[in-house]
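Those protein sequences? They're chains A and B, same order as listed.
In terms of our numbering, the first sequence opens at residue 1 and continues consecutively.
In terms of our numbering, the second sequence opens at residue 1001 and continues consecutively.
Yeah, the Cβ is synthetic: ideal placement off N, Cα and C, and Gly gets one too.
Because the structure is a prediction, the values reported are computed rather than measured.
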Amino acid sequence: MIGVARAARSFRSAAWLGWSVDTNWADPVTIGTLLVVRPLAATMLLVLIFEVARGTGSADPRFAHLYVGTAFYTILGATLHAISFVVMDDRERYETIRVVATSPVPLAAYVAGRGLSSLVNSCVGAGVILAFGSLALGLPLRPAGLLSPLFLAGFGLGVASAVGLAIGLAGVHLVTARHHYLLGESVAGVLYLLSGAIFPIEALPFGADRLARLLPFTYWLEALRRPLVPEASACSPTLAAISDATLLAILAVSSAALGAGGLALFRACERSARRRGILDARTDH
Amino acid sequence: MHAIETEGLRRVFRRRRRGLFGSREDEGPAEVVALEGADLVVSEGETFGLLGPNGAGKTTLIKILATLLTPSTGRARVRGFDVESQPLEVRRRIALVSGGEQAGYGILTVREQLWVYTQFHGLPTREVMPRIDAALERFGLADRARSKLSKLSTGERQKMNVIRGFLLQPEVLILDEPTLGLDVSAARAVRVAVREWVREAPARSVLLTTHYMTEADELCDRVAFIHKGRLLACDTPDALKRRVSDRTTYRLETDAAGGPSGDGLLDGIPGVAATASTDPAAGRTRYVLSLADEGAIGEVVSRLSAGGVRIRSLRSERPTLEDVFLAATGEGLGDGA
Ligand SMILES: Nc1ncnc2c1ncn2[C@@H]1O[C@H](COP(=O)(O)OP(=O)(O)O)[C@@H](O)[C@H]1O
Ligand SMILES: [Mg+2]
């Protein structure tokens, strides 16, 4: 219990820190860019590509599939990158990791807390993308779906899985040099393709759909699309055939597994880093 | 209870040929023994100095005590807790500050940054804020309290990190070359603060590494030399100096006093060996006196006065820690010593 309380307190302080360091609240232009312009710009690019390639309108369920998938994927991408990158940032740039590592703070809780602001920001960004799609592009979004148990529980479990994976990646950063900083983004990029954010998993080539079926994030996106845009969910018959309860069960198991696995990997890497004395070692050139 | 205890502490670094981390030099030995069987005891209330040149193994020992690095073999305990099996207990009781440290977030103010550090140790905000302000005041950073770290000079940032060490209220303060790169007055402020801090409460101890022998001499109750990973002589600075020589040397300059040995004025004083050289051009005689007992200097002075010789200057020349280090290792301490 004392351990949990300490982890919670560390998480809180680290979250405050991430909030203050990664989001410059004194500068409204930066905030606006971060929360609105950047996510929208990325999504617009995709919308354009879709329109050009298909010549069909936003009523096409495949458009809704892609649009909603991409909106929520941004949260996964941001979480994986932000939390794992804390290790690089605090070791190489701010040089504070030594202070944290010699304090009684559990390092994994610190890393997760420090990345929280980016996670929250990306949720706001995803909301902006969806609102824009609904209001400006005629996306057939059912706002009531946001309050459905499938959406709420699915969202939480999916984010928990993402945080678990991100903590594991942060662990890998503890034992790797600066030039591996793209790890989080690389993993996120692969997941973008494989978890059915853009294409329905049936459309994936080379049997990649079998991989897709192993990824919790595939079920996560389905659990979010289904209540919001049922037509889009129908694009993937494989996933559409899974019941709400099964989707949530899969997500519950995956978040527990990724949470425990990510933490175990992080701790193993932390031990290894302390054994090798590289926990606080800046990469030299 | 001892503040720090190590037994046969040894650390070997293996050079990784194809590691993910670090440089991939193929030159040099495959193994570096950074620490070779260090046995050390730092008592409660003590300020203990580790004095040695660059590469001696100081930081390696410090990192092991701060749980940043595990020993290859041997044991280390801080306040009775084992650094390997009870690292959390150790981290609760230490604060580590390294010289030249620039840690911090440019966007935070000095006050905010220091507050964040105290939160990692679970200190209550209400108690911490007045102490932050007091510490900034005494280190001459009061006017910087609300400046962003990005606006601080490197010296100011380093001072802020030294302040962190005191604020965390450790039982054992670990300072790795704390004055490295600080200007003279900032370095003095740090030394004064260390001395006062350790006296404020009886359970506080300081382990300090340095390659500045005056720093070790001035600040430390006891000093150990470290050289090529081995701990050599360990004692109070005075006792160490007595080891090189139990005699005291004086240099004395007088108006030319006749013959080469000052007319033999100083012959036959018990426990005093004198050599003299006269510089006729300058009209001076210079004596080098080696005294078995410092008290004998009184007899020297009265003999010269009685002989009508005017003393121009007199200074005692004690061995420094550098001399002791030289005697122990055959090597100097390197720059700045
Ligand atoms: N991570 C490391 N990998 C390889 N060798 C190291 C590492 N850290 C220190 N060393 C070597 O160990 C020796 C002692 O280093 P260090 O403890 O930093 O000395 P000091 O702090 O007294 O200057 C040096 O020869 C140094 O090159
Ligand atoms: Mg060093």
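| Query | Result |
| --- | --- |
| Cβ pair count under 8 Å reaching 3, the segment 135-149 of chain A against the segment 1118-1131 of chain B | no |
| Minimum Cβ-Cβ distance from residue 27 of chain A to chain B less than 8 Å | no |
| Backbone CA spacing between residue 1089 of chain B and residue 1320 of chain B [nearest angstrom] | 38 Å |
| Whole-angstrom distance between residue 1269 of chain B and residue 1256 of chain B, CA atom to CA atom | 20 Å |
| Whole runs of the alpha helix (DSSP H) within the segment 226-280 of chain A, excluding any shorter than 4 residues | 230-233, 237-240 and 244-276 |
| Length of the line joining the Cα atoms of residue 39 of chain A and residue 1168 of chain B | 41 Å |
| Under the three-state DSSP convention, the category residue 1047 of chain B falls into | strand |
| Span separating the alpha-carbon of residue 1046 of chain B from that of residue 1117 of chain B | 25 Å |
| Length of the line joining the Cα atoms of residue 1033 of chain B and residue 1229 of chain B | 7 Å |
| Residue 1212 of chain B, enclosing alpha helix (DSSP H) - first and last residue | Residue 1212 of chain B -> no alpha helix (DSSP H), and no H or E assigned at all. |
| Residue span of the alpha helix (DSSP H) that contains residue 94 of chain A, given as start and end | Looking at the DSSP string, residue 94 of chain A is not in any alpha helix (DSSP H), and its letter there is neither H nor E. |
| Neighbouring residues, chain A, relative to residue 1117 of chain B (Cβ below 7 Å) | 99 |
| Whole alpha helix (DSSP H) elements within the segment 1028-1092 of chain B, 4-residue minimum | 1058-1065 |
| Cα-Cα separation, residue 205 of chain A to residue 193 of chain A | 11 Å |
| Beta bridge counterpart(s) of residue 1109 of chain B as assigned by DSSP | B/1148 |
| Residue 1104 of chain B versus B/1175, B/1332 and B/1158, residue with shortest Cα-Cα distance | B/1158 |
| Beta-carbon contacts of residue 1121 of chain B that lie in its chain and below 7 Å, excluding the five residues immediately before and after | 1168 |
| Cβ-Cβ distance between residue 228 of chain A and residue 154 of chain A below 8 Å | no |
| Burial state of residue 1260 of chain B, where buried means 16 or more other Cβ atoms lie within 10 Å | With a pLDDT of only 46 at residue 1260 of chain B, under 50, the local geometry of the prediction cannot be trusted, and the value read off the model is given with reservation. Exposed, by the Cβ-count rule. |
| Boundaries (first-last residue) of the alpha helix (DSSP H) holding residue 114 of chain A | 107-136 |
| Three-way DSSP call (helix, strand, coil) for residue 1330 of chain B in this model | coil |
| Straight-line Cα distance separating residue 159 of chain A from residue 76 of chain A | 7 Å |
| Start-to-end residues for the beta strand (DSSP E) that takes in residue 1313 of chain B | 1311-1317 |
| Near ligand 1: residue 1060 of chain B beta-carbon under 7 Å from a heavy atom | yes |
| Residue-chain proximity (residue 94 of chain A, chain B), Cβ-Cβ < 8 Å | yes |
| Within 8 Å, strictly: CB atoms of residue 1044 of chain B and residue 1203 of chain B | yes |
| Meets three-Cβ-pair contact criterion under 8 Å: the segment 261-273 of chain A and the segment 168-176 of chain A | yes |
| Three-pair Cβ contact test at 8 Å for the segment 175-190 of chain A versus the segment 254-261 of chain A | no |
| Buried or exposed (CB count within 10 angstroms, at least 16 for buried), residue 1076 of chain B | buried |
| Exposure label - residue 1200 of chain B; buried when at least 16 CB within 10 Å | exposed |
| C-alpha distance - residue 1083 of chain B paired with residue 1091 of chain B, whole-angstrom precision | 9 Å |
| Backbone CA spacing between residue 1093 of chain B and residue 268 of chain A [nearest angstrom] | 24 Å |
| Positions along the segment 1228-1244 of chain B whose CB lies within less than 7 Å of some CB in chain A | none |
| contact_flag[the segment 1232-1244 of chain B, the segment 1294-1305 of chain B] where n(CB pairs < 8 Å) is 3 or more | no |
| Beta strand (DSSP E) segment containing residue 198 of chain A, residue limits | Run containing residue 198 of chain A: none; DSSP gives neither H nor E here. |
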